[in-house]
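**Q** Questions regarding the structure given below will be posed in turn.
In this note's numbering, the protein residues as written are 17 to 55.
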């Protein structure tokens with residue numbers, strides 16, 4: 017945790033990974049900017 021809500025740049029990094037030729041297996045990538053933990 018970085019102590020702040022995610023910015024558009026943070027989410028863009030995850031999206032850039034998803035559209036790249038890199039890969040990972042067996043993972044769930046939650047890309048919500050930290051909103052799940054903000055409550």
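We put the beta carbon where it would ideally sit given N, CA and C, even for glycine.
Please report the Cβ distance between residue 24 and residue 47, rounded to the nearest whole angstrom; I am assuming they are in contact, meaning their Cβ atoms lie under 8 angstroms.
**A** Taking the first residue of the chain shown as 1, we reach residue 24 at position 8. Taking the first residue of the chain shown as 1, we reach residue 47 at position 31. The Cβ separation is near 11 angstroms, so there is no contact.
**Q** Quick one: what does DSSP say residue 45 is sitting in, helix, strand or coil?
**A** Working through the chain shown from its first residue, we reach residue 45 at position 29. Here residue 45 sits in coil by DSSP.
**Q** Which residue comes first and which comes last in the alpha helix (DSSP H) that contains residue 29?
**A** Position 13 of the chain shown holds residue 29. Here the alpha helix (DSSP H) through residue 29 covers 24 to 34.
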